[in-house]
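Working notes for the structure below.
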Amino acid sequence: MQQKQSFLKRIVALFDPAGVKKYITQVSLILVSLFIATRVDRWREANKDHEKLKAYLTAVQLELKDEIETCKMNLSDCDRDLKCLGYFMHYAPMSHPDSQAIALQNFREVYERGVFRSFPPATFEIMSETGDIQLLKNAELRSLLASAYSFRRTVVKKDLEDFDAGTQVCAKELGEFVNLTELCFMADYHGCVMDRKKFQASSHNEVFLLLRMANLRAFHLSRSIEEWEDVEKSLAAYIKSI
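First residue of the sequence shown: 16, per my numbering; consecutive thereafter.
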């Protein structure tokens, strides 16, 4: 009987207002602490992601400036190539040795200038490969960057490779009439011609095709510069807003 009364007292004690209040208070404090800790962790992670994104975009911004400058230098070289190749096509059909010398001098300039440029992985491309691109929530800016870098990789780079290969084809074809060693290493524009009549009579279609490549390359570089400049403005505005 006493055991039953003792058991009932313990049950009643559980519902003691003071005990229940104390219990609820303790549970509430635990829940609030967990909530605050979770929010702090999320804030820390968000702040870490924000700083990481800002570092990425600052690097991208610097690379965009370099890319624009490089493309402008490439376009300047390309414009010079167009002039030189145009002079070649104009003077090569002429019979006078001085005219042929001018033609070969201009070709030599194109051949020696070449297309010296590298395409190392860009920060934006690294972000895409590592998955950190998800940090950039602005879908429009992300699309603009992706488009510009895709054009750089699939068009601008290919143009340069094609043009470099084209100059080698031209040199091979000219080798039928011209001593390339004397032309390129001794700059003997008169003495390097082995057969003037055949040189004059040739249509030099290989140089015409190279001229066409140069025209296309100039167009693509101009478009690329415009695209980079638009992206640079959008990126600068976005960086200021975050």
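For each residue, glycine too, the CB sits at the ideal point set by N, CA and C.
Predicted model only: the values in this text are computed from it and were never measured.
Endpoints, alpha helix (DSSP H) assigned at residue i
{"i": "M142", "result": "T138 to T145"}
{"i": "G181", "result": "K172 to L189"}
{"i": "P112", "result": "P112 to R128"}
{"i": "S218", "result": "First-last for S218: undefined, no H or E at that position."}
{"i": "F166", "result": "A154 to F166"}
{"i": "C207", "result": "From DSSP, C207 is part of no alpha helix (DSSP H); its letter is neither H nor E."}
{"i": "T196", "result": "L195 to F200"}
Contact check, residue i vs residue j, beta carbons under 8 Å
{"i": "V222", "j": "C185", "result": "yes"}
{"i": "W243", "j": "A137", "result": "no"}
{"i": "L226", "j": "L97", "result": "yes"}
{"i": "Y106", "j": "S114", "result": "yes"}
{"i": "L156", "j": "S256", "result": "no"}
{"i": "C86", "j": "L189", "result": "no"}
{"i": "F200", "j": "S217", "result": "no"}
{"i": "Q215", "j": "P112", "result": "no"}
{"i": "E247", "j": "L79", "result": "yes"}
Beta-bridge partners of residue i, as assigned by DSSP
{"i": "V246", "result": "Note: V246 sits in no beta bridge, so no partner."}
{"i": "V75", "result": "DSSP lists no partner for V75."}
Count the C-beta pairs between the region 132-152 and the region 192-207 that are closer than 8 Å, then say yes if the count reaches three, no if not.
Because the criterion of three Cβ pairs below 8 Å is not met, the region 132-152 and the region 192-207 do not touch.
Evaluate the contact criterion for the region 88-102 versus the region 150-160: three or more CB pairs, one atom per stretch, below 8 Å.
With a cut-off of 8 Å, the region 150-160 and the region 88-102 do not count as touching, because too few Cβ pairs lie within range.
Inter-stretch contact (C-beta, 8 Å, three-pair minimum) for the region 225-235 and the region 66-75
Too few Cβ pairs lie closer than 8 Å, so no.
Run through the region 75-102 for me and flag every whole alpha helix (DSSP H) of 4 or more residues, listed as ranges in chain order.
For the region 75-102, not a single whole alpha helix (DSSP H) run of length 4 or above is found.
With three or more C-beta pairs closer than 8 Å as the rule, is the region 235-249 touching the region 117-126?
Because the criterion of three Cβ pairs below 8 Å is not met, the region 117-126 and the region 235-249 do not touch.
Whether or not the region 160-180 and the region 98-113 are in contact is what I'm after, with contact meaning three or more pairs of Cβ atoms, one per stretch, closer than 8 Å; do they touch?
At 8 Å Cβ cutoff, the stretches do not touch.
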